[in-house]
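Following: one structure in structure tokens, then a few remarks.
Numbering (my numbering), first residue to last: 1 to 228.
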């Protein structure tokens, strides 16, 4: 026979379980609302970031555009980058590197873009967070590879994936910044979901010949300020 005490205890246990369930449900709902707000904020940043950069790229590739116009767009881009960085740093410090399941593909990409456009110190601060995110599926290997390359070239080290491009001041011709083991770069690029070098640098009116690149590498290192 079940006693009244046992019935009461069982009832109290059910009440507590139900209360915990409600708390959990409320917390999950609040988090979902927070992520929706973050998603919208990042989508707005993404739109502004791309619009400004498209205008700048168009200006520097258009022979009609004046130097004053290019400088003006450059300053606008720098200002917006600084504002965007404040917003994205706050998000990263509050939530960590959020995946596309919470903030959408554009939102997730925006986290990368804003940090990729930031200063070296900021990149060094957040790249461990990006590495962890990639490990759990909340970031892409391609984005991580690009940031690894950006940091390496800024530290005057050889990039690994060939994503960073420079420009000769005299001829205005583009070139691939100093690269580790050029002959096997396509294997490394394939591992992180990047297109082959020949396809990638075609947009800069370049052709990819690893042997020729190796011959030109000492000059590229010198012009790029590399000491190694």
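Virtual Cβ for every residue (Gly too), placed ideally from N, Cα, C. Just so it is clear, the structure is predicted and the values come from calculations on it, not from any experiment.
Cβ atoms of residue j and residue i: under 8 Å apart, would you say?
| i | j | result |
| --- | --- | --- |
| residue 159 | residue 130 | no |
| residue 103 | residue 39 | yes |
| residue 156 | residue 226 | yes |
| residue 138 | residue 98 | yes |
Excluding the five sequence neighbours on either side, which residues of its own chain have a C-beta within less than 8 Å of the C-beta of residue i, listed in chain order?
| i | result |
| --- | --- |
| residue 161 | 145, 146, 148, 149, 185, 188, 189, 192 and 194 |
| residue 106 | 42, 43 and 46 |
| residue 24 | Caution is warranted here: a pLDDT of 47 is assigned to residue 24, below 50, making its placement in the model unreliable, and the coordinate value is therefore given only provisionally. For residue 24, where only same-chain residues beyond five positions count, there are no Cβ hits under 8 Å. |
CB-CB under 6 Å to residue i, same chain, minus the five flanking residues each way: which ones, in chain order?
| i | result |
| --- | --- |
| residue 173 | none |
| residue 7 | Low confidence applies to residue 7: its pLDDT is 46, below 50, so where it sits in the model is not reliable, and the reading given next is rough at best. Counting only Cβ-Cβ distances below 6 Å, and skipping sequence neighbours, we find nothing. |
| residue 209 | none |
Whose C-beta lies closer than 7 Å to the C-beta of residue i among residues of the same chain, with five residues either side of it excluded?
| i | result |
| --- | --- |
| residue 215 | none |
| residue 164 | 149, 150, 153 and 177 |
| residue 213 | 176 and 182 |
| residue 121 | none |
Going by DSSP in three states, residue i sits in which element: helix, strand or coil?
| i | result |
| --- | --- |
| residue 120 | helix |
| residue 88 | helix |
| residue 213 | helix |
| residue 40 | helix |
| residue 179 | strand |
| residue 95 | helix |
| residue 156 | coil |
| residue 161 | coil |
| residue 104 | helix |
| residue 139 | coil |
Am I right that residue i and residue j are in contact with their C-beta atoms under 8 Å? What's the rounded C-beta distance?
| i | j | result |
| --- | --- | --- |
| residue 80 | residue 52 | 5 Å |
| residue 135 | residue 224 | Not really, about 31 Å apart at Cβ, beyond 8 Å. |
For the structure I just gave you, are there three or more beta carbon pairs, one from the segment 46-59 and one from the segment 69-79, closer than 8 Å?
yes
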